[in-house]
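Peer 1: Protein chains in written order, with this note's numbering: chain A, 296 to 802; chain B, -9 to 156; chain C, 44 to 508.
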Amino acid sequence: MLYESIFVFPTFEVERDYEKCIVCKTCVQQCTFNATYYLPHRHKVVTRDTECVGCRRCEAMCPTGAIKVRRYQGEFKENAYWSPRDLKDLYKQAEQGGVILTGGGNDREYPIYWDHILLDACQVTNPSIDPLREPMELRTYLGRKPDKLDIGYNEKGEPELRTKIPPNLVADIPVIFAPMSYGALNLNMHRAEAAAAKAMGTYWNTGEGGLHRELYPYGDHTIVQVASGRFGVHAEYLQVSAAMEIKIGQGAKPGIGGHLPGGKVDEEISKTRMIPVGTDALSPAPHHDIYSIEDLRQLIYALKEATNYEKPVSVKIAAVHNVAAIASGIARAGADIIVLDGFRGGTGASPAIVRDYVGIPIELALAAVDQRLRDEGIRNWVSLIAAGGIRNSGDVIKAVALGADAVYIGTAALLAVGCTLCHKCYTGRCAWGITTNDPFIAKRLNPEIAAERLTNLLRAWAQEMKEMLGLMGINAIESLRGNRLRLRAVGLSKEEMDILGILPAGA
Amino acid sequence: MVKQIRRRVYPIEENCMGCRLCEVACAVEHSKTKDPISAFLEEGNPFSLTVVEMAGPVSFSLACRHCDEPYCVEACISGALRVEDDGRVLVYEEVCVACGMCVVSCPWGAIRFREVDGVKKAAKCDLCPGREVPACVAACPNRALIFDTALGPGLELVEEEEIIEG
Amino acid sequence: MRYVIAGNSVAAVSAIDAIRRRDQDGEIYVISPEPRTAYCRPLITYKLAGQVPPERLPYRQEGYYRAKGVNLIYGKSLEGLEPEKGRVALTGGERLEYDRLLLAMGAVPFMPPIEGLDGPGVYPFTTMEHLELVEAALRDWREVVVVGAGMIGIKAAEALHLRGLRVTVVELLDRILPIVLDGTSSVWAQREMEKHGMGYILGDSVVAIERDRKGNVQGVSLKSGTRVPAQGVIVAVGVRPNVGPLSSSPLQINKGVVVDDCMETNIEGVYAAGDIVEAYDLILGAKRPIQVWPLAFRQGLIAGANMAGGRRRYVGGFPINAVGFFGFKVASAGLSTVEPDMEESIEVLRFVDEERGIFRKVVLGNNKVMGFLILNDISRAGIYTGLIWSRMDVAGFKEYLVDEVSVPESCRPIVSGTEPWSFDTMKTHRRFGWALFPLSYRKQFTAMPSRIEEICAFDSEVYTL
Ligand SMILES: Cc1cc2nc3c(=O)[nH]c(=O)nc-3n(C[C@H](O)[C@H](O)[C@H](O)COP(=O)(O)OP(=O)(O)OC[C@H]3O[C@@H](n4cnc5c(N)ncnc54)[C@H](O)[C@@H]3O)c2cc1C
Ligand code: SF4
Ligand code: SF4
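Printed below as a string of structure tokens:
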């Protein structure tokens, strides 16, 4: 197009039915990417396809259904090796010479192990349970459990527990909102997460950008993060929380740090993150005070000390090659919870190349870690949270059976409030008002509606999970944890099944 | 002093994203066909009684407040503007002489002239008779408009003057 | 409790409403020399033009007085006030006692000293009676002179023109609608009159009305010596508060009946409202008569409430006008005639585009809106009126007060020109309207159905020209 590089090929095309277009200009006002515009003298709305990111906001908002956003019809010559995406990325880099950025989670074609795992059900010999008639327990305790219980008798001869139980989180549903920072998300999304977590008796996680003061009242349902940039970390922040989490890595970009551009650091974010307005918020790749398990132990105990040993401490790592050994070290360093973030995990901004090719699938990592900790006899020292690509309640059940105590949902939570996976989070212009701090666009996310949607989602998943537990004849989620016998594999290799610790279907 | 139901639409500025679908809905509701495509493309001159006020990140949909003591009713020289028993302020179009006194008086700019079949008349929000919830409220995707059917005026100032009729 | 209301027009009606909201039992008497229900006085020119049928003239529906329990004394005037006895004198010497009295006798047309004024064919134009007289005379008239180019004069002239008469408007000052328009805008108004073939003579006055031997009007002669032939003359050079019948009473009367902020006169229990009063002018900071319909209504309402035991304050008022002729619309409030550079303390913001017929002017004093004048497209002009009521400091959004697209029209392009508009352009676009106002202000008034002038804090600073 005129004035544009000739190397830009559209990915989407916007078809507008002019028989139906009433020129209300809602789409123009809603297209934060300026792809759709209005020509006053022609009284017509048109779209620059090359700018369209496929977020489908316009389509959703058009009052007459005049818009269809579809995959671009024009094609490059068929090539089974070079995909159009590869071509376009390459053109872009040849043009700009920089790293290709993206948001969201890994969208490349890798095996999805969840979809190769099937659940068992009871027939004849062991009765299934009807969740509508019988109580069903989804409550999960997250934190260190004692090696053994010491029970004695008091003077009156009554039994009493002598063991001191370490602090645990109590989640009424084993689904927790994943760490997504204030800055990457806006305050409206944080408000919604906090309200939904509270309503459903579970937790949400601040991510590495601190906790806005307005949300301190939700502290009991908040896990606060301490990341390499230490943004927004102060005594009160730790004290209001339910648990603290040391973020070592992130599934979408293991081994690299974060970067919140200065332009996004407004007054409120600056106050919350404790950095000046307009300065870039750079999270270093490593914690510069953690170069060993011993260093990590120091930080874990520093946090515990600061909060009087009243709150569990979690450590979040990306699922990488020798994740099992690292997890063992973390457990031994004194962590109460370990979060494993698989390679499908989302992000606000990451180099595409890192997102797409670094890390390992959560299913394998989870099974490996659970097994290793069991083998070492320290599984009860920590709870495991699986994160990165949990799509539905089936994934949750399978994760629990593979050894997770709970899961984090990030992308799923964003989808619940409107995200269409256009992966433009890094631009700060999210047309659905989720990953933007532009006060005008952020208004599109009404925290009240978003909280309702998140609550509905969790409620629906809880219902489905109870059904699945019931059909397996189990009445408490804790009885399913690590119960890999209830899983079977289809279409997996022997090695994969070994790592997952599950049998092939039919066996 | 009998309190009575008052009906009003309130804008919630924090939730308004400026999409102006309320205007579309209002124009459609007050069209002949009540179909968006016909209303805009065939009938011509679609007319919304609510206006989305915009200035940078600030936006909200502003229509008649249905004041307790309406400026327009005071100003109307023809008696075309009246306060109904349920608190709605309505224009009786057949009475209006289009003098513009109400247009100049309403501090919200909520009354404008609408030309129907070549005749100009004052037009303002009528809270959509025949709809349970006004069209703008129903159309707002982000709950930026709420329809309040509260009891009484809820206004401290009126302590001096109970404006609710028995 | 007996309420006596002298006058039966808008101030009286709104007072009746206000009284009945608080007191359902008290007796209400309404005295009026006009033997008819309250009617929409300003509509008499529309009626003359044939734009409204006679049944539209009553201000309230049939049965209004009965429903409100009002005793009507039609055909009698208040002729005197005997406050020490708590009674009023009516035509024919009758006396009527009151507990609370409202003087709402309006204004009477001013008849200037013109030779030959008395006699048939010369009428003021403020009442139904005048309307009936003029309508009856119409068949003998082909040419008419309207003396005075104020609101009533212009509207009457338009009506007579529409009835097919040759109309000439004579105005002493150098412009049309002199108390509303400024120099530029009155030129536009004149052009509009010319376009429709209506004659006008400015800067001249009628000194004599010429009559033939039978007393019929033949024409008028002007100070300049010009002679204009006419069979009828309408005199519309302004109205004066109708204080004649009160002159011998102890009432404090200046130009009109002086009232305090409860609309009470210097005599306890005697209130006044409408065109007859001299009440506080919010902009000038002094009392003066402002004879417009909305203020008459407001004053009646406040007086009525206070008569029935309420405690309401009249914050003040300022002229608010909307007038149109031949489709040419004028909207104004407050100080609208001020010219740029006329006064140092006063700032005049204007946007004028003759070709497109856009004329907007806002008058600021100390960054507060003190008046405005808008021609043609008067949509949403009331927002300016609201700013006058609120006395808000507009410095923060002054640059947007008047501009080309200051009227946000919905469902139409909010923009003009040829530049394409996208999200970014819309986002950065600012236009005049409520969204520009300070947060506290817009919150307060978009969330509450309250009167702006009663809630906003006023400063005591007073502006004088
Ligand atoms: C032709 C015309 C056009 C107008 N157009 C506009 C306009 O467009 N906008 C606007 O704002 N204003 C307009 N006005 C002004 C507006 O009509 C007045 O401000 C308004 O009518 C004042 O109301 P009021 O109740 O004070 O008195 P009035 O309407 O003047 O009524 C006075 C009442 O008192 C009665 N009365 C008189 N003498 C006595 C007595 N001695 N005893 C008892 N009763 C008595 C009369 O019969 C009448 O019922 C117009 C006026 C006229 C005449
Ligand atoms: S709103 Fe989204 S889908 Fe629609 S044109 Fe813009 S970028 Fe494309
Ligand atoms: S325009 Fe119509 S409704 Fe408005 S004041 Fe005039 S007559 Fe009344």
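Here a beta-carbon is modelled for each residue, glycine too, at the ideal position from N, C-alpha and C.
Can you check whether the C-beta of residue 432 of chain A is within less than 7 Å of a C-beta belonging to chain B?
Peer 2: Chain B contact via Cβ: absent.
Peer 1: Does DSSP put residue 726 of chain A in a helix, in a strand, or in coil?
Peer 2: Note: residue 726 of chain A maps to coil in three-state DSSP.
Peer 1: Starting from residue 532 of chain C and walking both ways along the alpha helix (DSSP H), at which residues does that stretch end?
Peer 2: Residue 532 of chain C is absent from the structure shown; chain C starts at 44 and stops at 508.
Peer 1: Taking the C-alpha atoms as reference points, what is the distance between residue 87 of chain C and residue 170 of chain C?
Peer 2: Computed Cα separation, rounded: 7 Å.
Peer 1: On the CB-based measure, 16 or more other CB atoms within 10 Å of its CB, does residue 394 of chain A come out buried or exposed?
Peer 2: Counting Cβ neighbours within 10 Å, residue 394 of chain A comes out exposed, since fewer than 16 surround it.
Peer 1: Which class does residue 300 of chain C belong to by DSSP, given the choice of helix, strand or coil?
Peer 2: DSSP places residue 300 of chain C in strand when its eight states are reduced to three.
Peer 1: Find the nearest neighbour of residue 314 of chain A within the set A:348, A:360, A:333, A:534, judged by alpha-carbon distance.
Peer 2: Per the Cα distances, A:360.
Peer 1: Indicate the three-state DSSP secondary structure (helix, strand or coil) for residue 559 of chain A in the structure shown.
Peer 2: Three-state DSSP puts residue 559 of chain A in a helix.
Peer 1: Please find out if some non-hydrogen atom of ligand 1 comes closer than 6 Å to the beta-carbon of residue 60 of chain C.
Peer 2: No; taking the cut-off as 6 Å, the Cβ of residue 60 of chain C has no heavy atom of ligand 1 nearer than that.
Peer 1: Can you tell me the Cα-Cα spacing of residue 573 of chain A and residue 107 of chain B, whole angstroms?
Peer 2: Approximately 56 Å between the Cα atoms of the pair.
Peer 1: I think residue 90 of chain B touches residue 374 of chain C, with their Cβ atoms under 8 Å apart; what is that distance to the nearest whole Å?
Peer 2: With a Cβ gap of about 6 Å, residue 90 of chain B and residue 374 of chain C count as contacting.
Peer 1: Examine chain A for any beta-carbon lying closer than 7 Å to the beta-carbon of residue 50 of chain B, and answer yes or no.
Peer 2: No, residue 50 of chain B lies away from the interface with chain A (no Cβ there is under 7 Å from its Cβ).
Peer 1: Go ahead and label residue 305 of chain A buried or exposed: buried means 16 or more other beta carbons lie within 10 angstroms of its beta carbon, across all protein chains shown.
Peer 2: Its Cβ being crowded by 16 or more others within 10 Å, residue 305 of chain A is buried.
Peer 1: So what's residue 137 of chain C in DSSP terms, helix, strand or just coil?
Peer 2: Note: residue 137 of chain C maps to coil in three-state DSSP.
Peer 1: So which residues of chain C does residue 28 of chain B contact, with C-beta pairs closer than 7 Å?
Peer 2: Chain C residues near residue 28 of chain B: none, gap ~14 Å exceeds 7 Å.
Peer 1: Give me, in chain order, the residues of the same chain whose beta-carbon lies closer than 8 Å to that of residue 300 of chain C; leave out the 5 immediate sequence neighbours on both sides.
Peer 2: Contacts found: 146, 284, 286, 289, 294, 308, 315, 319, 320, 321.
Peer 1: Would you say residue 294 of chain C touches ligand 1, meaning its beta carbon is less than 6 Å from a heavy atom?
Peer 2: No - ligand 1 has no heavy atom lying nearer than 6 Å to the Cβ of residue 294 of chain C.
Peer 1: Check this for me: beta carbons of residue 86 of chain B and residue 112 of chain B, under 7 Å apart or not?
Peer 2: Cβ distance < 7 Å, so residue 86 of chain B and residue 112 of chain B count as in contact.
Peer 1: What would DSSP say about residue 776 of chain A, mapped onto helix, strand or coil?
Peer 2: Three-state DSSP puts residue 776 of chain A in coil, outside helix and strand.
Peer 1: Taking only beta carbons into account, state which residues of the stretch 368 to 398 of chain C come closer than 8 Å to chain B, listed in chain order.
Peer 2: Residues 372, 374, 375, 376.
Peer 1: Check this for me: beta carbons of residue 610 of chain A and residue 630 of chain A, under 7 Å apart or not?
Peer 2: Cβ atoms of residue 610 of chain A and residue 630 of chain A: closer than 7 Å.
Peer 1: What residue range does the beta strand (DSSP E) around residue 230 of chain C cover?
Peer 2: Element bounds for residue 230 of chain C: not the beta strand (DSSP E) but the alpha helix (DSSP H), 226 to 238.
Peer 1: Where do the N-terminal and C-terminal ends of the alpha helix (DSSP H) with residue 261 of chain C fall, by residue?
Peer 2: Run containing residue 261 of chain C: none in the alpha helix (DSSP H); it sits in the beta strand (DSSP E), 260 to 265.
Peer 1: Could you check if residue 51 of chain C is buried or exposed, using at least 16 other CB atoms within 10 Å of its CB as the buried criterion?
Peer 2: By the neighbour-count rule (16 or more Cβ atoms within 10 Å), residue 51 of chain C is buried.
Peer 1: What are the boundary residues of the beta strand (DSSP E) that includes residue 111 of chain B?
Peer 2: That run of the beta strand (DSSP E) goes 109 to 113.
Peer 1: So what's residue 447 of chain A in DSSP terms, helix, strand or just coil?
Peer 2: Strand at residue 447 of chain A.
Peer 1: So does residue 76 of chain C have its beta carbon nearer than 6 Å to some heavy atom of ligand 1?
Peer 2: Correct: residue 76 of chain C has its Cβ closer than 6 Å to ligand 1.
Peer 1: Quick one: using the 10 Å Cβ neighbour count with 16 as the cut-off for buried, is residue 338 of chain A buried or exposed?
Peer 2: Classification for residue 338 of chain A: exposed.
Peer 1: Determine the extent of the beta strand (DSSP E) in which residue 416 of chain C is found, giving its start and end residues.
Peer 2: Residue 416 of chain C -> beta strand (DSSP E) spans 411 to 418.
Peer 1: Please identify, using Cβ separations under 7 Å, the residues of the stretch 734 to 760 of chain A that lie next to chain B, in order along the chain.
Peer 2: So the close ones are 734, 735, 738, 739, 741, 743, 744.
Peer 1: Using only alpha-carbon positions, find the residue among A:495, A:476, A:516 that is nearest to residue 504 of chain A.
Peer 2: Of A:495, A:476, A:516, the residue nearest in Cα terms is A:476.
Peer 1: Is there a C-beta anywhere in chain B that falls below 7 Å from the one on residue 362 of chain A?
Peer 2: Not one chain B Cβ lies under 7 Å of residue 362 of chain A.
Peer 1: Could you list which residues in chain B have their beta carbon closer than 7 Å to that of residue 358 of chain A, in chain order?
Peer 2: Those are 11, 14, 26, listed as they occur along chain B.
Peer 1: Using a Cβ-Cβ distance under 7 Å, would residue 530 of chain C count as near chain B?
Peer 2: Because chain C here runs from 44 to 508, residue 530 of chain C falls outside it and cannot be looked at.
Peer 1: Could you check the C-alpha separation between residue 463 of chain A and residue 120 of chain B for me, to the nearest Å?
Peer 2: For residue 463 of chain A and residue 120 of chain B, the distance between alpha carbons rounds to 56 Å.
Peer 1: Closer than 7 Å, Cβ to any Cβ of chain B: which residues of the stretch 409 to 435 of chain C, in chain order?
Peer 2: Here the close residues are 421, 422, 423, 424, 425, 426, 428, 429, 432.
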